[in-house]
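Numbering (the numbering used here), first residue to last: 56 to 283. No residue lacks a Cβ here, since even glycine has one placed at the ideal position from N, Cα and C.
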């Protein structure tokens, strides 16, 4: 199976890694990442046909249209997160990225899109932020849009609660199709599930490095405790 895939706010490109693990081949149409190191990493490792260093300055109308099967964007969360000191919402440049993601969907018309953010997106500004997002996505008349809060601990050994917004084009599947968010095994993953059992002694830290690591970690904990 080969699909046409694209991403924005690509980061380390976890969606590309997920596709590989699922055994789904893909043609990488475009990516974007403002961090220079990650930009170079994506360009070298995944070799997308087009790669952009800033979604805010890109001309979305020039992106390939009606050829993308899956578009994924984890637009920045600090503007909406309760754990962040930044709460500007759409007033910040990072908050504005959602509208560029929306324009990208509007102009490229992918068969499916997945957007991800913190669960605080729903309650930010007393719910007005998410209401605005839903209003914008409702303008995509040829899509059915779903959203759900999911904890990643059922997929990876990490307690990470996020909201996932999924849009599916009507022409891609039957309009009566209902996405089932409960169709997965609700068993928490253990750290053992990702530990490499074939690791050799040469790959482990030396005793000296272990002491330095422990000292550094202890220092960080003390600093965080003091600040908290």
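Cα atoms of residue 182 and residue 119: separation of roughly 34 Å, rounded to the nearest angstrom.
Along the segment 204-244, the beta strand (DSSP E) occurs as fully enclosed runs of 3 or more residues at 216-224, listed in sequence order.
Just measuring C-alpha positions, the residue of 176, 246 and 80 sitting nearest residue 56 is 80.
In the three-state scheme derived from DSSP, where H, G and I count as helix and E and B as strand, residue 170 is classed as strand. Take residue 248, set aside five residues on each side of it, and the residues of its chain with a beta-carbon closer than 7 Å to its own are 212, in chain order. Where residue 193 is concerned, the enclosing alpha helix (DSSP H) starts and stops at 183-193. Considering only 58, 192 and 82, the residue with the shortest C-alpha distance to residue 155 is 192.
Take the alpha-carbon of residue 187 and the one of residue 252: they are about 47 Å apart. Note that the C-beta distance between residue 236 and residue 209 is not below 9 Å. By the CB criterion at 9 Å, residue 223 and residue 166 fall inside the cutoff.
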